[in-house]
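With the first letter of the sequence shown counted as 1, position 27 gets the number 27 in UniProt numbering; the numbers rise by one all the way through.
Glycine is no exception: its CB is placed at the ideal position from the N, C-alpha and C atoms.
Treat the numbers as computed from the prediction; the structure is a model and nothing was measured.
Below is one structure, written out as structure tokens; comments come after it.
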Amino acid sequence: MDPNYSLPPNVALITLQELEDGSVLLRLAHLYEANEDVDLSTLVKVELKKLFAQKMIKTIRETSLSANQDKSAIKRRPWKVEDRSGPEPSTVRGGPVDPSALVVELGPMEIRTFILQV
């Protein structure tokens, strides 16, 4: 990690662990709820190129929270909710990570897990 790069104040580094195959497990979390703070409850960006300035990130793969399957392989189940009145609340989530820009977006209370090949 680059000692000169600071994470945004609303982001926590939950996990930074080298795995047996030499890859790196990275887990980032947004610390604020939606509407908790005017400035800090917004979508935030983390620049992995700056975070790992001394390393070359070859590949990045987003996984489930427990890092046991690719996020693209996760099948979400739809939930039927009885007596729901009004529209479903909108949730702000970070978008996909561009493998060339290596910028991770986090929405309020979002935790994202990645495996990096460095």
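{"Query": "Residue span of the beta strand (DSSP E) that contains L13, given as start and end", "Result": "11-18"}
{"Query": "DSSP bridge partner residues for V103 (one or two, in chain order)", "Result": "E47"}
{"Query": "Three-state class that DSSP yields for A29 in the structure shown", "Result": "strand"}
{"Query": "A73 versus E36: straight-line alpha-carbon distance, rounded", "Result": "32 Å"}
{"Query": "Identified DSSP bridge partners for Q117", "Result": "T59"}
{"Query": "The region 82-102 touching the region 13-27, judged by at least three CB pairs closer than 8 Å", "Result": "no"}
{"Query": "Within 8 Å, strictly: CB atoms of T42 and R27", "Result": "no"}
{"Query": "Inter-residue spacing [alpha-carbon to alpha-carbon] between A34 and P8", "Result": "16 Å"}
{"Query": "Alpha-carbon spacing of P3 relative to E110, whole angstroms", "Result": "25 Å"}
{"Query": "For V92 and V38, the rounded distance between their alpha carbons", "Result": "15 Å"}
{"Query": "Residue 120 classed as buried or exposed, judged by whether at least 16 other C-beta atoms fall within 10 angstroms", "Result": "An answer regarding residue 120 cannot be provided, because it is not within the stretch 1 to 118 covered by the chain."}
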